[in-house]
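Following our numbering, the numbering of the sequence shown begins with 87 at its first residue and continues without gaps. The beta-carbon is built from N, C-alpha and C at its ideal position, and this holds for glycine as well. Note that the structure is a prediction, hence the values are computed from the model and not measured. Down below is the structure, laid out as structure tokens.
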Amino acid sequence: MMSRQHQFLISMPDLRGSYFGDTLTYLCRHDENGAFGLVVNRPLDLTLTELLGQLDMPTEGAPDRVAVEGGPVEPRRGFVLHTSDKEYDSSEPAGDGLLLSYDRDVLTAIGAGEGPGKYLVALGFAGWGAGQLEQELSENVWLTGPSSKDLIFDVAFDSRLNDAAAAIGVDLRLLSNATGLA
């Protein structure tokens, strides 16, 4: 099995109309037991200040940015994908200098203005059981490509999917989910 950890999953046109239609997912983990990822291009109508306030956490240092819908699994659970300049009790490696944290300590630090240099707060995650992602990849449900910290943290949400596809030489506007016989 070839691990796709620290890669992007770029949704193919066949997924349009499903939860994963037009999504870009960062794979934090991928091994023989399955895969765990965060959708990085689906912003929520929820600012970090609002989210932290709902959790009775400090908000005075929270930046003016939104959380993302990280996936359909456990949508009320929070995850923070961030640079490795700060580490927390729950932090685990997610590849190439990125950490995944999922405890209150990282959110408290963000709310106090003392969080990591770059981060993405996600509610929920995308998960695949053993062999499930490999099956989907063999059925061409996803394209895979190298991830990019800039794309995760700095590019506008509505540009992330197309920018990730362009990085592997694909123009998603030219793909179709229609098939035919020649």
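Please work out which residues of its chain come closer than 6 Å, Cβ to Cβ, to residue 216, disregarding the five sequence neighbours upstream and downstream, and give them in chain order. The count along the sequence shown starts at 1 and reaches residue 216 at position 130. When the five nearest sequence neighbours on each side are left out, the beta carbons in the same chain lying within less than 6 Å of the beta carbon of residue 216 are those of 119, 120, in order along the chain.
With a cut-off of 8 Å on the beta carbons, I'd call residue 211 and residue 165 a contact; round off their distance for me. Indexing the sequence shown from 1 puts residue 211 at position 125. Indexing the sequence shown from 1 puts residue 165 at position 79. Sure, about 6 Å apart at Cβ, within 8 Å.
Could you tell me which whole alpha helix (DSSP H) segments of length 4 or greater appear in the segment 95–146? If we require 4 residues or more, the alpha helix (DSSP H) runs fully inside the segment 95–146 come out as 134–140.
Since residue 105 and residue 167 should fall inside the 8 Å C-beta cutoff, what is the C-beta to C-beta distance between them, to a whole number of angstroms? Working through the sequence shown from its first residue, we reach residue 105 at position 19. Working through the sequence shown from its first residue, we reach residue 167 at position 81. Their Cβ separation, rounded to whole angstroms, is 19 Å, which puts residue 105 and residue 167 out of contact at 8 Å.
From the DSSP output, in three-state form, read off residue 197 for me. On the sequence shown, residue 197 is found 111 positions in, with the first residue counted as 1. If DSSP states are grouped into helix, strand and coil, residue 197 belongs with the helices.
Using only alpha-carbon positions, find the residue among 257, 178, 154 that is nearest to residue 129. Here residue 129 corresponds to residue number 43 of the sequence shown, with the count starting at 1. Looking at 257, 178, 154, the one whose alpha-carbon comes closest to that of residue 129 is 154.
Using 8 Å as the threshold, is the segment 222–229 in touch with the segment 128–142, meaning 3 or more CB pairs across them? No, the segment 222–229 does not touch the segment 128–142.
Residues that residue 168 bridges to, as DSSP identifies them: Your numbering for residue 168 matches position 82 in the sequence shown. Its beta-bridge partners are 185, 205.
Quick one, which of 253, 245, 175, 255 has its alpha-carbon nearest residue 108's? As a working note, residue 108 is residue 22 in the sequence shown. Nearest C-alpha to residue 108: 245.
Leaving aside the five residues before and after residue 203 along the sequence, list all residues of the same chain whose C-beta is less than 6 Å from its C-beta, in chain order. Translated into positions along the sequence shown, residue 203 becomes position 117. Answer for residue 203: 169, 171, listed in chain order.
Looking at the secondary structure, which residues open and close the alpha helix (DSSP H) in which residue 253 lies? Residue mapping note: residue 253 aligns to position 167 of the sequence shown, counting from 1. It spans 243–253 - the alpha helix (DSSP H) in which residue 253 sits, taken as one unbroken run.
Residue 93 in three-state terms, based on DSSP: Position 7 of the sequence shown, counted from the start, is the residue given in the question as residue 93. Annotated three-state conformation of residue 93 is strand, per DSSP.
Just the C-alpha distance for residue 95 and residue 256, rounded to the nearest angstrom, thanks. One-based indexing of the sequence shown puts residue 95 at position 9. One-based indexing of the sequence shown puts residue 256 at position 170. So the alpha carbons of these two residues sit roughly 13 Å apart.
Return the first residue and the last residue of the beta strand (DSSP E) that residue 155 is part of. Stepping through the sequence shown from its first residue, residue 155 is reached at position 69. Its beta strand (DSSP E) spans residues 152–155.
Residue 100 versus 115, 126, 192, 229, residue with shortest Cα-Cα distance: Looking up residue 100 in the sequence shown gives position 14. The shortest C-alpha separation from residue 100 is found at 229.
Starting from residue 158, follow its DSSP beta bridges and name the residues at the other end. Counting from 1 along the sequence shown, the entry for residue 158 is found at position 72. According to DSSP, which records beta bridges pairwise, residue 158 is partnered with nothing at all.
Cα-Cα separation between residue 137 and residue 248, rounded to whole angstroms: By one-based count along the sequence shown, residue 137 stands at place 51. By one-based count along the sequence shown, residue 248 stands at place 162. The alpha-carbon separation between residue 137 and residue 248 amounts to approximately 28 Å.
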